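Undergrad: Chains as they are written, first to last, in my numbering: chain G, 20 to 136; chain L, 79 to 190. We treat Cβ as the ideally placed atom computed from N, Cα and C, and that holds for glycine. All figures in this text were calculated on a predicted structure; none of them were measured in a lab. One structure coming up, written as structure tokens, with questions to follow.
Following this line, the structure appears as structure tokens:
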């Protein structure tokens with residue numbers, strides 16, 4: 020079975036531009052979460068989507084938005100890019116919303132490396 | 079405001095010895111804790127977890143200890159193997175909205 024896939028692998032943008040990152044969850048998984056990992060730090064939670072609805076949001080500005088499609092794939096959009104948005108963006112999928120015990124079965128993709136110049 | 083902290087950026091251990099990775103948290107609302115392992119160019123992979131109602135969970139060479147009064151958890155790897163060399167993240171689950179809060183990570187190097 021395919022794991023969580025993310026595209027593109029790498030991306031270079033300039034300040035002020037917009038970017039869309041894509042994630043395909045494991046088959047049968049209905050929840051997708053997005054994380055930002057800045058160099059030298061741990062992943063930071065951005066969003067969780069379940070059944071196409073936002074179920075959790077981290078402390079990120081409104082420039083960050085996401086959506087989940089009927090096939091449970093997801094897009095993360097970032098507008099008006101800043102240099103500080105340069106990071107590895109991780110997508111993770113799970114069958115259900117993260118709860119005790121269920122968090123064990125959240126699987127991460129390899130990430131998209133975004134560089135903002 | 080770093081709610082989950084791993085104060086040791088790196089740890090070097092000899093093969094066969096014990097590796098102890100530490101993690102502190104500040105939020106009493108966390109009720110589930112996990113450890114992840116991450117290799118370069120890969121996403122984090124789940125290693126072991128513990129509920130806040132327990133103080134120990136063991137899985138093969140990996141044991142996680144939780145001290146709720148001290149808001150501290152640790153991961154013990156015995157015996158350590160070169161293949162364990164990776165970055166280890168502790169994470170705490172904030173049940174409201176399914177938020178998983180990660181520490182900064184500790185890079186473990188196991189030398190043959």
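Alpha carbon to alpha carbon, how far is residue 59(G) from residue 98(G)? Give it in angstroms, no decimals.
TA: Counted from its first residue, the first chain places residue 98(G) at position 79. Counted from its first residue, the first chain places residue 59(G) at position 40. For residue 98(G) and residue 59(G), the distance between alpha carbons rounds to 24 Å.
Undergrad: Kindly indicate the opening and closing residues of the beta strand (DSSP E) around residue 172(L).
TA: In the second chain, counting from the first residue as 1, residue 172(L) sits at position 94. Looking at the DSSP string, the run of the beta strand (DSSP E) that includes residue 172(L) is 164 to 172.
Undergrad: What residues from chain L crowd round residue 114(G), counting only those whose CB sits closer than 7 Å?
TA: Counted from its first residue, the first chain places residue 114(G) at position 95. The premise fails here: residue 114(G) is roughly 12 Å from chain L at the closest Cβ pair, so nothing lies under 7 Å.
Undergrad: Tell me, please, whether the stretch 80 to 93 of chain G touches the stretch 82 to 98 of chain L by the rule of three or more beta-carbon pairs shorter than 8 Å.
TA: Cβ pair count under 8 Å is below three, so no.
Undergrad: Flag residue 132(L) as yes when its Cβ comes closer than 6 Å to any non-hydrogen atom of the ligand MN, and as no otherwise.
TA: As for the ligand MN, it is missing from this structure, which has no ligand bound.
Undergrad: In whole angstroms, what is the alpha-carbon distance linking residue 147(L) and residue 170(L)?
TA: The count along the second chain starts at 1 and reaches residue 147(L) at position 69. The count along the second chain starts at 1 and reaches residue 170(L) at position 92. Using only the alpha carbons, I get a separation of about 16 Å.
Undergrad: Please name the residue or residues paired with residue 75(G) in a DSSP beta bridge.
TA: If you number the first chain from 1, residue 75(G) lands on position 56. In DSSP, residue 75(G) forms a bridge with 67(G).
Undergrad: Figure out for me which residue from 45(G), 28(G), 49(G) has the closest Cα to the Cα of residue 39(G).
TA: Indexing the first chain from 1 puts residue 39(G) at position 20. Nearest option by C-alpha distance: 28(G).
Undergrad: Grouping DSSP H, G and I as helix and E and B as strand, with all else coil, what is residue 124(G)?
TA: Counting from one through the first chain, the residue named residue 124(G) turns up at place 105. Helix, per DSSP.
Undergrad: Using the beta-carbon count (16 or more within 10 Å), is residue 37(G) buried or exposed?
TA: Numbered from its first residue, the first chain carries residue 37(G) at position 18. The residue is exposed, with fewer than 16 neighbouring Cβ atoms inside 10 Å.
Undergrad: Would you give the residue range spanned by the beta strand (DSSP E) that residue 55(G) belongs to?
TA: In the first chain, counting from the first residue as 1, residue 55(G) sits at position 36. Residue 55(G) -> beta strand (DSSP E) spans 50 to 56.
Undergrad: Here's a check: name, in chain order, each residue in its chain whose Cβ is nearer than 8 Å to the Cβ of residue 140(L), leaving out the five neighbours to either side.
TA: Here residue 140(L) refers to the residue found at position 62 of the second chain. Excluding residues within five positions, the ones whose Cβ falls inside 8 Å are 113, 125, 126, 153, 154, 155.
Undergrad: Going by DSSP, what residue range makes up the beta strand (DSSP E) through residue 137(L)?
TA: In the second chain, the residue the question calls residue 137(L) occupies position 59. Start and end: 134 to 137.
Undergrad: I'd like to know whether the C-beta of residue 136(L) is nearer than 7 Å to at least one C-beta of chain G.
TA: As a position in the second chain, residue 136(L) is number 58, starting the count at 1. No, its Cβ sits nowhere closer than 7 Å to a Cβ of chain G.
Undergrad: Taking residue 137(G) and residue 56(G) to be in contact with their CB atoms under 8 Å, please state how far apart those CB atoms are, rounded to whole angstroms.
TA: Here chain G has residues from 20 to 136 only, and residue 137(G) is not among them.
Undergrad: Could you check whether the Cβ of residue 47(G) sits closer than 7 Å to any Cβ belonging to chain L?
TA: Your numbering for residue 47(G) matches position 28 in the first chain. For residue 47(G), the answer is no, since every Cβ of chain L falls outside 7 Å of its Cβ.
Undergrad: Residue 179(L) versus chain G: which residues are under 7 Å apart at the beta carbon?
TA: Against the second chain, residue 179(L) aligns to sequence position 101. What residue 179(L) touches in chain G: 64.
Undergrad: For the stretch 89 to 100 of chain G, list every residue whose C-beta sits within 9 Å of some C-beta in chain L, in sequence order.
TA: The residues in question: there are none.
Undergrad: Between residue 75(G) and residue 108(G), how many whole angstroms is the CB-CB distance? I'm expecting something under 8 Å.
TA: Indexing the first chain from 1 puts residue 75(G) at position 56. Indexing the first chain from 1 puts residue 108(G) at position 89. That belief does not hold up - the Cβ atoms of residue 75(G) and residue 108(G) are roughly 17 Å apart, past 8 Å.
Undergrad: Using only the alpha-carbon positions, how far apart do residue 93(L) and residue 71(G) sit?
TA: For the purposes of this step, residue 93(L) is taken as residue 15 along the second chain, with counting starting at 1. For the purposes of this step, residue 71(G) is taken as residue 52 along the first chain, with counting starting at 1. Going from the Cα of residue 93(L) to the Cα of residue 71(G) covers about 47 Å.
Undergrad: Could you work out which residue in 183(L), 142(L), 149(L) is closest to residue 106(L) when comparing CA atoms only?
TA: For the purposes of this step, residue 106(L) is taken as residue 28 along the second chain, with counting starting at 1. The shortest Cα separation from residue 106(L) among 183(L), 142(L), 149(L) belongs to 149(L).
Undergrad: At a CB-CB cut-off below 8 Å, which residues of chain G make contact with residue 140(L)?
TA: On the second chain, position 62 is the one that residue 140(L) refers to. Those do not exist, as residue 140(L) stays about 13 Å from chain G at its closest Cβ, beyond 8 Å.
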